[in-house]
Structures are given as C-alpha cells and as structure tokens.
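S.K.: So for the sequence shown, the numbering used here puts the first residue at 14; every next one is plus one.
Can you keep this structure in mind? I'll have questions shortly.
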Amino acid sequence: MVTSVLPRVESLASSGIQSIPKEYIRPQEELTSIGNVFEEEKKEEGPQVPTIDLTEIESEDKEVRERCRQELKKAAMDWGVMHLVNHGISEELMDRVRKVGQKFFELPVEEKEKYANDQSSGNVQGYGSKLANNASGQLEWEDYFFHLIFPEDKRDLSIWPKIPSEYTEVTSEYARQLRGLASKILSALSICLGLEEGRLEKEVGGVEELLLQLKINYYPKCPQPELALGVEAHTDISALTFILHNMVPGLQLFYQGKWVTAKCVPNSIIMHIGDTIEILSNGKFKSILHRGLVNKEKVRISWAVFCEPPKDKIILKPLPETVSETEPPLFPPRTFAQHIEHKLFRKTQDNLSN
Ligand code: OGA
Ligand code: NI
14 MVTSVLPRVE SLASSGIQSI PKEYIRPQEE LTSIGNVFEE EKKEEGPQVP
64 TIDLTEIESE DKEVRERCRQ ELKKAAMDWG VMHLVNHGIS EELMDRVRKV
114 GQKFFELPVE EKEKYANDQS SGNVQGYGSK LANNASGQLE WEDYFFHLIF
164 PEDKRDLSIW PKIPSEYTEV TSEYARQLRG LASKILSALS ICLGLEEGRL
214 EKEVGGVEEL LLQLKINYYP KCPQPELALG VEAHTDISAL TFILHNMVPG
264 LQLFYQGKWV TAKCVPNSII MHIGDTIEIL SNGKFKSILH RGLVNKEKVR
314 ISWAVFCEPP KDKIILKPLP ETVSETEPPL FPPRTFAQHI EHKLFRKTQD
364 NLSN
C-alpha cells in the first residue's frame, strides 16, 4: 500500500509559504461563508451563544435549583451549545491544563512525532493530523493530540506526553473534575426530560463505561485563513463535549441558517450536547453543527473532552419516555459504533453526489 507522508500543519505553517496547498482549500460554495474571525467575533447583532451560570444547579432551595435547570434546559433545546460559568472547576486548574498542553505543543515537531498515532492500524491515540477520508482529499488546518483520560483503569499512560512532567498529574485531575461536572449536567438534563435523576448517566454507560477522550486541537497561523477551516462543519457524536481554549476565537455555530461566532468568555467552559444525547432525548436536546476558523495572527489551541458511551455495549435510541403518538422516534436504534459508521457513510455519499 502506498501511503503519502503529509507534513504536519505546524511544519507547513512555519515553512513560510504564502499560499496553502490545494488540499486545504475549501470548496467554492463554502468559501463564501468564511470571514475574518476577529471581525466576526466583534459583531454584537444577531443571536449569541447563551451563557449558563451553574452556581445554583445544586442549590438546597428547590425553586432556585429549578430556575437554574430551566435555563440549562432552554439552552440545550434551543442551541445545544453554551458557555458554562461557575461550573466548579477552578481557574487555576484550567490554566494549568492550558499550560501543560501548550508546553507540549511548543516541543519541536520531531519530539512530538515520537507520539505519532497510526490510524491505519487502529492506534488513534497520540499526535496526529487529519487523513483525507474521501476522494476530494480535503484536509483541515490543524494538528492534534488525542487520548483517553477517564475512567482511570482504561487509560494508557504510556502514550501520554512525558514533557512537561506535570502533564499527567494536571490532566488527570482535570479529567476527574470534568467527570463530576458531566454527572451534574446529566442529572439536571434527566430531570428536565421528566426522568429519574440518574437515568441519562446510566443510559450513556455510567461511571464504568462512559469514556472521556481529550483532543487537544492545535491550529497554527494560516497564511490564507479565508480559504481554510481548522475543523470542518460537523456535529459531535459524543453525549456531551466540554471545551477549553486559549482565548483566541475560532468556533462557529450554525444557528438558524447562519454561522454565529462564539465570543471568548473568561473562565467559561463551552459545552456541546452531542448526537448521543440528541438521540436519547428524541431530538429535544440539539446537537448543533459547528466548525472552526483559523487566522493569520495567532495560534489557537482548544481542549475538547468528548464524553462518549461505549462503542458496542449500548443501543442508542430515543428513550420511551421521550416518545409519544405526536412525537414519534426520530432516530432508528444504533450502537455508538454504528452511528459513527452511518455518519461516515452519509459523508461518502455526499461526496459522490457532488
Ligand atoms: C471538535 C471541535 C472546536 C474548537 O474538536 O470537535 O468542534 O473550538 N472543536 O476547537
Ligand atoms: Ni466538535
């Protein structure tokens, strides 16, 4: 088999090229919607990604708690993405997570290559860049580091970055705290659907089986940002996704037929409802289409943690309580693995018909 060795995007970016290779150029139809992300972020008119204050999510006062849940519910139903503030994870810990990830990416590419994943043999964990998965050969302007961070007994610490030396400790602590936050959110969302508190958590695998996968997205400066995307339009397949970033804008959400640029909200964690919860809730909670822009001036880094059900153990389908005569099931039963397959297949079909 012939495999072409593509340079890392970081190497391309630092080589001084003034124009990007054609594989990174988006199709004509898409180019019209790509603007300057700094200009886009400044825009105040039009819909904005909601901010949800979680201070009262576990208040002793029933009414206060209920009010907070209603805000979360509204955002989950309308947008499926939000800035969480007062989420309980300290600013200090978030800063340390950002620092260790940034330090790793500051290593020379040759150092990082020691952690390279090997997608062709199924080793998805490690340092990587997107491989073209269709005939168009389309690529994205990013490199990444991907690994499982929770539950602890499923981690493979041997592939985690060894430099900086605090990487493992800091990332482990963040994983533990995010797992707690995921439980809180799943409880609240369960109650919002009229389910028992622990139901969604159980339906996505519980403490033993829900997997937290960290993807550090590294988006180098791009000489022609109006022609490329850091990450192409997609919905997350996860149950929930939690995102930290380095305060450089880039994330856009497709809301009511338009791309809305997320503002950078200090100390917030962006949370997405993913396809898994969309399916379980029979579409009441939305998994929103989103993408990432790049820019000429600043490297952008984001830390996305995907909370995923096990691949084959659970059949995902709308929970009976979310289905009625007037609300028929919108999704056929599928395992998580089948859902991934289905999405890949649809994508291939799209490309064939283009
Ligand atoms: C993702 C993603 C957006 C970002 O990794 O799935 O949508 O802000 N990332 O980097
Ligand atoms: Ni995403």
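No residue lacks a Cβ here, since even glycine has one placed at the ideal position from N, Cα and C.
All of these numbers come straight from a predicted model, not from anything done at the bench.
#1: Does H100 come out as helix, strand or coil in the three-state DSSP assignment?
#2: For a minimum of 3 consecutive residues, which ranges assigned as the beta strand (DSSP E) are wholly contained in the region 184-246?
#3: Using DSSP's beta-bridge definition, name the partner residues of K380.
#4: Count the other CB atoms, across all protein chains shown, that sit within 10 Å of the CB of T184; report buried if there are 16 or more and exposed otherwise.
#5: Measure from the C-beta of C81 to each C-beta in chain B and report whether the shortest distance is under 8 angstroms.
#6: Please classify E155: is it buried, with 16 or more other beta-carbons within 10 angstroms of its beta-carbon, or exposed?
#7: What does the Cβ neighbour count give for D325, buried or exposed, with the cut at 16 atoms within 10 Å?
#8: Looking at G287 and the ligand OGA, is the gap between the Cβ and the nearest heavy atom below 7 angstroms?
#9: Spatial neighbours of Y180 within its chain, please: CB distance less than 6 angstroms, with the 5 preceding and 5 following residues excluded, ordered by chain position.
#10: Would you check whether the ligand MG has a heavy atom nearer than 7 angstroms to the C-beta of T254?
#11: Helix, strand or coil for C320 per DSSP?
#12: Which partner residues of D169 appear in the DSSP bridge assignment?
#13: Out of curiosity, what's the CA-to-CA distance linking L213 and V273?
#14: Is it the case that the CB of L224 approaches a heavy atom of the ligand OGA more closely than 7 angstroms?
#15: Would you call the CB atoms of R78 and A241 closer than 8 angstroms?
#16: Buried or exposed: which applies to D288, given that a residue is buried once 16 or more other Cβ atoms fall within 10 Å of its Cβ?
#17: Return the chain-ordered list of same chain residues with a C-beta closer than 7 angstroms to the C-beta of I30, the five sequence neighbours on each side being excluded.
#18: CB-CB under 6 angstroms to D249, same chain, minus the five flanking residues each way: which ones, in chain order?
#19: Hey, would you say the C-beta of D156 is under 7 angstroms away from at least one heavy atom of the ligand NI?
#20: For the alpha helix (DSSP H) holding R82, just list the boundary residues, first then last.
#21: Regarding G263 and the ligand OGA, is the C-beta to nearest heavy atom distance less than 7 angstroms?
#22: Should H100 be listed as close to the ligand NI, given that the test is whether its C-beta is under 7 angstroms from any heavy atom?
#23: Evaluate R21 with the Cβ neighbour count: other Cβ atoms within 10 Å of its Cβ, from every protein chain shown; 16 or more gives buried, anything less gives exposed.
#24: In the DSSP assignment, find the unbroken alpha helix (DSSP H) run with D13 in it and report its ends.
#25: Would you say L264 and A275 are within 8 angstroms of each other, going by their C-beta atoms?
#26: Taking only heavy atoms of the ligand OGA into account, decide whether any of them is closer than 7 angstroms to the Cβ of N259.
#27: Inspect the CB distances between the region 66-84 and the region 145-152 and report whether three or more fall short of 8 angstroms.
#28: When you compare only the Cα positions, how much space is there between K35 and S315?
#29: So, under 8 angstroms CB-CB, L329 and H352 are touching, yes? Tell me the CB distance rounded to an integer number of Å.
#30: CB of H247 to nearest heavy atom of the ligand NI: below 7 angstroms?
#31: To which residues does DSSP link S134 through a beta bridge?
#32: Taking only heavy atoms of the ligand NI into account, decide whether any of them is closer than 7 angstroms to the Cβ of L96.
#33: Look at the alpha carbon of L224 and the alpha carbon of Q138, and state the distance between them as a whole number of angstroms.
#34: For V15, which three-state DSSP category applies?
M.R.: Looking at the atomic coordinates:
#1: DSSP, read as helix, strand or coil, puts H100 in coil.
#2: Within the region 184-246, the beta strand (DSSP E) runs of at least 3 residues that lie entirely inside it are, in chain order, 224-232.
#3: The chain is shown only over 14 to 367; residue 380 falls outside these bounds and no answer can be derived.
#4: That one is buried.
#5: Reference to chain B is not applicable here, since this structure consists of a single protein chain.
#6: A buried status is given to E155, since no fewer than 16 other beta-carbon atoms sit within 10 Å of its beta-carbon.
#7: By the neighbour-count rule (16 or more Cβ atoms within 10 Å), D325 is not buried but exposed.
#8: G287 has its CB no nearer than 7 angstroms to any heavy atom of the ligand OGA.
#9: Excluding residues up to 5 positions away in sequence, V113 and P174 lie with their Cβ nearer than 6 angstroms to the Cβ of Y180 in the same chain.
#10: Here the bound small molecules are the ligand OGA and the ligand NI; the ligand MG is not part of this structure.
#11: Looking at C320 - three-state DSSP - the assignment turns out to be strand.
#12: For D169, DSSP assigns no beta-bridge partner whatsoever.
#13: Approximately 29 angstroms, taken between the alpha carbons.
#14: Because no heavy atom of the ligand OGA lies under 7 angstroms away, the Cβ of L224 does not count as near it: no.
#15: It is not a contact, given that the beta carbons lie outside the stated cut-off.
#16: Around the beta carbon of D288, 16 or more other beta carbons sit within 10 angstroms, so the residue counts as buried.
#17: By the criterion of a C-beta distance shorter than 7 angstroms, I30 is surrounded in its chain by P236, once the five residues flanking it on both sides are discounted.
#18: The residues are H285 and G287.
#19: D156 Cβ: outside cutoff for every heavy atom of the ligand NI.
#20: R82: member of the alpha helix (DSSP H) spanning K75 to D91, first to last residue.
#21: Yes.
#22: H100 Cβ: outside cutoff for every heavy atom of the ligand NI.
#23: Counting Cβ neighbours within 10 Å, R21 comes out buried, since at least 16 surround it.
#24: As displayed, the chain neither begins before 14 nor continues past 367, which places residue 13 out of reach and without an answer.
#25: The answer is yes: Cβ separation under 8 angstroms.
#26: Not one heavy atom of the ligand OGA sits closer than 7 angstroms to the Cβ of N259.
#27: Output reads no: the region 145-152 does not touch the region 66-84.
#28: Between K35 and S315, the C-alpha separation is close to 25 angstroms.
#29: The pair is a contact, with the Cβ atoms about 6 angstroms apart (cut-off 8 angstroms).
#30: Relative to the ligand NI, the nearest heavy atom lies less than 7 angstroms away from the CB of H247.
#31: DSSP lists no partner for S134.
#32: It should be noted that the sequence gives His, not Leu, for residue 96. No, the ligand NI has no heavy atom inside 7 angstroms of this Cβ.
#33: Each residue's alpha carbon lies about 13 angstroms from the other.
#34: With a pLDDT of 47 at V15, under the threshold of 50, the predicted position of this residue should be treated as unreliable, though the coordinate-derived value follows. Here V15 sits in coil by DSSP.
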